[in-house]
Every structure is written in C-alpha cells, then in structure tokens.
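Enquirer: Mind the numbering: the sequence shown is residues 16 to 74 in my numbering, read in order.
All C-beta atoms in this analysis are idealised placements derived from N, C-alpha and C, irrespective of residue type, glycine included.
A single structure is presented below for examination.
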Amino acid sequence: MNQVNKLQTLNIVCPQCGNKQLRTAQWLTEHQLIECHCGTSTHTSDLEQLANQAVNELD
C-alpha cells in the first residue's frame, strides 16, 4: 500500500456481507478498525489485506 497516493479512494469489502465502503488510503492508515452496517468489525491486521485486495481491483 506504500505506493498508493494517500488520497486514493479504495473499496473495502466486508468479509461477512460483502458490503463495500469507500475509504482513502490515509484513512486506513489512521484507523485501527472499520465497522460495517452488518455489525462486523475488521481490525487493522485484516485491513491491510482488504486494502491490498482493493488496490488489485484498481489494475
């Protein structure tokens, strides 16, 4: 994720329900948790994997 512009918007997909949330790369580096409307919380350790998945979708 270090090559991504901090303002780049990424689609983060909830691993539970598949809901997509738009977040900037900078937002992801500043937060330890992302919460979905379905109640699933994704922790920082999982966010990097989800962000990398979103970056791959940009290609």
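Between the alpha carbons of C29 and K35, how many angstroms are there, rounded?
Expert: 6 Å
Enquirer: Q41 by DSSP, collapsed to three states: which one?
Expert: Note: Q41 maps to helix in three-state DSSP.
Enquirer: When the Cα atoms are used, what is the spatial distance from V70 to K21?
Expert: 12 Å
Enquirer: Hey, quick one: how far does the beta strand (DSSP E) through N34 stretch, first residue to last?
Expert: Unbroken run through N34: none, as it is neither H nor E.
Enquirer: Roughly how many angstroms lie between the CA atoms of Q47 and G54, to the nearest whole one?
Expert: 16 Å
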